[in-house]
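Chain order of the listed sequences is A and B.
Following the numbering used here, the numbering of the first sequence begins with 202 at its first residue and continues without gaps.
Following the numbering used here, the numbering of the second sequence begins with 998 at its first residue and continues without gaps.
For each residue, glycine too, the CB sits at the ideal point set by N, CA and C.
Since we're looking at a predicted model, the values are computed, not measured.
Here is the structure we will look at, set down as structure tokens.
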Amino acid sequence: MIDFEFHQATDLDHAFSLLADYGDDARLMSGGTALVLQMKQRFSQPGHVIGLTRIPGLDGIEETEDGSIRIGGLCTQRQVENHPLVTERIPLVAGAYRHVATPRIRNMATVGGGLAHGDPNQDPPPSLIALGASVVLSSANGGQRIVPAEELFVDYFETDVRPGEIITGLVVPPAPDGAGTSYLKFLPRTADDYATVSVAAVVTPDASGNCGDVRIVLGSVGLTPIRAAAAEDALRGQPLTDEAIREAAATVQDAVDPLDDHRGSAEYKREMAEVFTRRAVRQAAGQVS
Amino acid sequence: MKLENRCVVPADPITTWDLVMDVPRVAPCVPGLSALEVEGDDSYSGTLLAQAGPMRVNLSGTLKVVSRDDQRGEAQFLLEAADRRIGGSVKTTMTLQLTPTADGQTELTIATDTAFMGALGTLGQPIIRRKAAATMEEFAKNLAGLVESTG
């Protein structure tokens, strides 16, 4: 491990002031599950680490006036997967967080930390994007920016979190009335691995029972989570038949950009992206009412 | 890991060849490359930074011209570099080929074959691999800019 100075922020203003003092040489840490690993492997060598876990008021989960669920940035991922508001109102999100690694990690890793990490292999982002979630970014002097989760991930491990900002919350709207949802994670190796391919789908029927709207987002197959726009366009307005779903899912192969690695060749992952899109959309379509 | 990238350089093949084989001159076009020094005939040292968000892989090493065919516009380079902090290294064979285009410009093809060694591990390899394509695209853009600025 490299030498660094640890600063425990006591409140948000203190954290912003530390960020201002140490700038580029500082990294924020909440659960530390990602940062400590990067530091141990020396990919990241900050001179200062700012601890966030003692900042009060950022670990709540509540319903907002418009029926969305607001999750504090310092909520642990375990807290999210088990909270009744999440399991009942946004079960897709509870299920996605339940897929992250192991309970030991989920007891430490936080919602804000996971989003800021920007790893395209993570489980929650596809479901959050599919539901149209927004990320709350706070900065000094009461500054706040709301960024759609879809726009947060800008490149490989790179996010739209600007210098001086901290992710303080996540706002997730429930799926529309009558919609079906699904998150599938293809794990050919071990249960706690990153996905070879993951797919989240939200299918909303129109008045005649056809596909009124659909959002499909894939993880682990590109620099960021990838929205399958062509597949969505192919399905909108169509009857939710196996054939329509199959045709739409086939377009996913052109949308993804996987790497060859120990989880499979790029070609294999591309094919699995199609297969798991088909299955996820079919599963979501089977739930519409 | 094998990669192949192509770009069109807005100059004829002879001008392009002279430029790309002049390593110190073309070096500023390579994103993340710093401290390039001439070590000997056709041998150079330098440092290449690959960055993904807050994570960095800093590869220091040598680049040698293994073969060059001025007539055919083909050259082969060997790049050997290591990040001593992380404890891993790469060995890359790079083949460069020029092809004239119908409109008097030059298509530059750069093919690389890279072996990863040591502790670059599960985080380091994808960073280098994911950044390689973007680096090549930026290199092509910078090279075109250099050609245009030098006339």
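Cα-Cα separation between residue i and residue j, rounded to whole angstroms
i                          : j                            : result
aspartate 267 of chain A   : leucine 236 of chain A       : 35 Å
leucine 1076 of chain B    : threonine 1109 of chain B    : 10 Å
glutamine 345 of chain A   : valine 1023 of chain B       : 44 Å
alanine 429 of chain A     : aspartate 1067 of chain B    : 46 Å
leucine 332 of chain A     : proline 375 of chain A       : 7 Å
isoleucine 417 of chain A  : alanine 317 of chain A       : 22 Å
glutamate 264 of chain A   : alanine 295 of chain A       : 15 Å
methionine 1168 of chain B : threonine 1106 of chain B    : Nothing about residue 1168 of chain B can be reported from this structure: the residues present for chain B run from 998 to 1148 only.
methionine 230 of chain A  : valine 281 of chain A        : 19 Å
aspartate 324 of chain A   : proline 349 of chain A       : 17 Å
leucine 371 of chain A     : glycine 258 of chain A       : 14 Å
arginine 496 of chain A    : valine 489 of chain A        : Here chain A comprises residues numbered 202 to 490, so residue 496 of chain A is not present and cannot be evaluated.
leucine 1056 of chain B    : alanine 1116 of chain B      : 13 Å
alanine 449 of chain A     : alanine 432 of chain A       : 4 Å
lysine 1128 of chain B     : leucine 424 of chain A       : 10 Å
threonine 1096 of chain B  : glutamine 1073 of chain B    : 15 Å
alanine 451 of chain A     : phenylalanine 354 of chain A : 25 Å
tyrosine 1041 of chain B   : aspartate 394 of chain A     : 41 Å
histidine 249 of chain A   : glutamate 475 of chain A     : 44 Å
glutamine 1102 of chain B  : glutamate 352 of chain A     : 38 Å
leucine 293 of chain A     : tryptophan 1014 of chain B   : 56 Å
aspartate 1100 of chain B  : glutamine 1122 of chain B    : 39 Å
Candidates the options: closest to residue i by CA position
i                         : options                                    : result
glutamate 1001 of chain B : B:Pro1123, B:Thr1111, B:Ala1141            : B:Thr1111
glycine 343 of chain A    : A:His215, A:Ala485, A:Arg480               : A:His215
tyrosine 469 of chain A   : A:Ser421, A:Gly315, A:Arg255, A:Asp407     : A:Ser421
arginine 1003 of chain B  : B:Val1062, B:Phe1113, B:Gln1094            : B:Gln1094
proline 326 of chain A    : A:Ala435, A:Ala402, A:Ala221, A:Ala450     : A:Ala402
leucine 1082 of chain B   : A:Pro459, A:His249, A:Lys241, A:Leu441     : This sequence places arginine at residue 1082 of chain B; leucine is not what is there. Among A:Pro459, A:His249, A:Lys241, A:Leu441, the Cα nearest to that of arginine 1082 of chain B belongs to A:Lys241.
threonine 391 of chain A  : A:Arg243, A:Ala449, A:Asp378, A:Val301     : A:Val301
alanine 435 of chain A    : A:Pro321, A:Gly413, A:Pro257               : A:Gly413
aspartate 225 of chain A  : A:Glu448, A:Pro364, A:Asp320, A:Asn283     : A:Pro364
glycine 261 of chain A    : A:Leu419, A:Asp394, A:Val312               : A:Val312
aspartate 212 of chain A  : A:His249, A:Val355, A:Arg279, A:Ile367     : A:Ile367
isoleucine 446 of chain A : A:Gln278, A:Leu424, A:Phe477, A:Leu460     : A:Phe477
serine 328 of chain A     : A:Gly248, A:Val400, A:Gly465               : A:Val400
leucine 238 of chain A    : B:Ser1086, B:Ala1008, B:Ala1141, B:Pro1051 : B:Pro1051
alanine 1047 of chain B   : B:Leu1060, B:Ala1131, B:Thr1147, B:Thr1090 : B:Ala1131
glutamate 206 of chain A  : A:Thr397, A:Ser269, A:Gly252, A:Arg243     : A:Gly252
alanine 1141 of chain B   : B:Lys1088, B:Thr1012, B:Met998             : B:Thr1012
valine 336 of chain A     : A:Arg271, A:Tyr298, A:Val398               : A:Arg271
proline 1025 of chain B   : B:Thr1044, B:Asp1009, B:Ile1125, B:Ala1008 : B:Thr1044
alanine 210 of chain A    : A:Ile203, A:Leu219, A:Asn283               : A:Leu219
Extent of the continuous alpha helix (DSSP H) run through residue i
i                         : result
proline 1097 of chain B   : Where proline 1097 of chain B is concerned, there is no enclosing alpha helix (DSSP H), although the beta strand (DSSP E) it sits in stretches over 1085-1097.
tyrosine 178 of chain A   : Examination of residue 178 of chain A is not possible in this model, given that chain A is present from 202 through 490 alone.
isoleucine 446 of chain A : 443-451
aspartate 1015 of chain B : 1010-1017
arginine 483 of chain A   : 467-486
leucine 253 of chain A    : First-last for leucine 253 of chain A: undefined, no H or E at that position.
serine 218 of chain A     : 213-223
serine 328 of chain A     : 325-331
Residue-level contact to chain B via CB, residue i, 8 Å cutoff
i                            : result
leucine 424 of chain A       : yes
tyrosine 223 of chain A      : no
phenylalanine 358 of chain A : yes
leucine 460 of chain A       : yes
arginine 307 of chain A      : no
glutamate 365 of chain A     : A small fix is needed here, since residue 365 of chain A is glycine in this sequence, not glutamate. For glycine 365 of chain A, the answer is no, since every Cβ of chain B falls outside 8 Å of its Cβ.
arginine 243 of chain A      : yes
glycine 248 of chain A       : no
glycine 319 of chain A       : yes
arginine 471 of chain A      : no
glutamine 239 of chain A     : yes
arginine 228 of chain A      : yes
Check: residue i C-beta below 7 Å from any heavy atom of the ligand NAP
i                       : result
leucine 1117 of chain B : With respect to small molecules bound, the structure shown includes none, and the ligand NAP cannot be examined in it.
Chain A within 8 Å of residue i, Cβ atoms only
i                          : result
proline 1028 of chain B    : no
alanine 1047 of chain B    : no
methionine 1052 of chain B : yes
proline 1123 of chain B    : yes
arginine 1003 of chain B   : no
arginine 1069 of chain B   : no
isoleucine 1083 of chain B : yes
arginine 1126 of chain B   : yes
Extent of the continuous beta strand (DSSP E) to which residue i belongs
i                          : result
asparagine 1055 of chain B : 1052-1066
asparagine 1002 of chain B : 999-1006
leucine 424 of chain A     : Note, leucine 424 of chain A: premise wrong, no beta strand (DSSP E); not H, not E.
isoleucine 203 of chain A  : No beta strand (DSSP E) contains isoleucine 203 of chain A, which DSSP labels as neither H nor E.
leucine 385 of chain A     : 381-387
leucine 406 of chain A     : The question names leucine, but residue 406 of chain A is proline in the sequence shown. From DSSP, the beta strand (DSSP E) with proline 406 of chain A extends over 398-406.
* Would you check if there are 3 or more beta carbon pairs closer than 8 Å linking the region 346-362 of chain A to the region 277-292 of chain A? => Too few Cβ pairs lie closer than 8 Å, so no.
* To do: Assess, as a yes-or-no matter, whether the region 1003-1020 of chain B is touched by the region 1134-1148 of chain B under the definition of 3 or more beta carbon pairs within less than 8 Å.
  => Contact between the region 1134-1148 of chain B and the region 1003-1020 of chain B is present: 3 or more CB-CB pairs across the two stretches fall below 8 Å.
* Could you say if the region 303-314 of chain A and the region 403-413 of chain A meet the contact criterion of at least three C-beta pairs nearer than 8 Å? => Segments in contact, no.
* **the region 464-484 of chain A in contact with the region 369-384 of chain A per 3-pair CB rule at 8 Å** => Remark: three or more beta-carbon pairs, one from each stretch, lie closer than 8 Å, so the region 464-484 of chain A and the region 369-384 of chain A are flagged as touching.
* Asked: Is it a yes or a no for the region 458-473 of chain A touching the region 1025-1035 of chain B, going by three-plus beta-carbon pairs under 8 Å?
  -> No, the region 458-473 of chain A does not touch the region 1025-1035 of chain B.
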